[in-house]
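Report on the following structure.
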Amino acid sequence: MTLEICAANIQSAINAEKAGAHRVELCSELAVGGITPSFGMIQEVLKKVSIPVFVLIRPLSGNFTYSEDEFEIIKADILNCKKMGCAGIVSGVLKVDNSIDVIRTKELVELSKPLPFTFHRAFDWVPNPTEAIETLIDIGVQRVLTSGQSSTADKGIELLTQLNQQANNRIQILPGGGISENNVKLFKDKGFTEIHASATTLVQETAVPKVAMNSTKFFEEHKVFESSVESIRAVLLNLGD
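Basically the working numbering = 1-based index in the sequence shown + 54.
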């Protein structure tokens, strides 16, 4: 069973390989669902790890509907990732009604070739997931990352299982969201062959500085999380790997 670790910093990517994970999905700012990492970060991760690195291409948080300028940024980022030697692209576009933007997503799939394309958790916003799976298959997406449209993947297991049966190996269903050593066996028992986890732990917490205008917070950036070697190994242990 393939374990993909969602790494939001370079140490998390290094820890993923050290612990025995099979793939990294590289991003920044997990607190907002992940956005595109800097190219400096991508470059350094590619130097430090040998397992495949897929990169999240999402120019901003908030939603998955983009202006023309934002869409051009996505395309430029994909081309740069290909040049840098990344192993896969994670992206996707929705329309204002949260249905899949077929034209734009297909353009990104074609632009990403020969790299595999993962449709990210924008899928959890779509109003008709069974129809959306067929759409993604038709436009050549290789896998879809989803929590089964629930707050965590274990809570969405019913829909995830339904989608996996519907996919019938035509597209890879990649469960993600709240997966840990405590629930990972559920996904193996249900027949999934890949899972996505962050396996993070708090590694640093600094004092919150006092600033002007009686503010008691400073961007809430005083906590640092990393994917933990111990947590990743615990997930793999419970998979029997």
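Beta carbons are placed, not taken as given, at the ideal position from N, Cα and C, and that holds for glycine. Predicted model only: the values in this text are computed from it and were never measured.
{"query": "Alpha-carbon spacing of Q97 relative to V283, whole angstroms", "result": "22 Å"}
{"query": "CB of Q220 within 8 Å of CB of E248, strictly", "result": "no"}
{"query": "Cα-Cα separation, G88 to F177", "result": "14 Å"}
{"query": "Cβ-Cβ distance between T159 and G142 below 8 Å", "result": "no"}
{"query": "Continuous alpha helix (DSSP H) stretch holding F125: start and end", "result": "E122 to M138"}
{"query": "Neighbourhood of A186 by C-beta, 7 Å cutoff - its chain only, sequence neighbours within 5 removed", "result": "I154, F177 and V180"}
{"query": "Residue range of the unbroken alpha helix (DSSP H) whose run includes P170", "result": "Per DSSP, P170 belongs to no alpha helix (DSSP H) and is neither H nor E."}
{"query": "Candidates H174, R175 and A70: closest to T254 by CA position", "result": "A70"}
{"query": "Simplified DSSP assignment, three categories, for P229", "result": "strand"}
{"query": "CB contact flag (G245, A207, <8 Å)", "result": "no"}
{"query": "Outcome for V86 when other beta-carbon atoms lying within 10 angstroms are tallied against a minimum of 16", "result": "exposed"}
{"query": "First and last residue of the uninterrupted alpha helix (DSSP H) at R287", "result": "V283 to L293"}
{"query": "As assigned by DSSP and simplified to three states, the class of G142", "result": "strand"}
{"query": "Any 3 or more C-beta pairs closer than 8 Å across the segment 165–177 and the segment 192–209", "result": "yes"}
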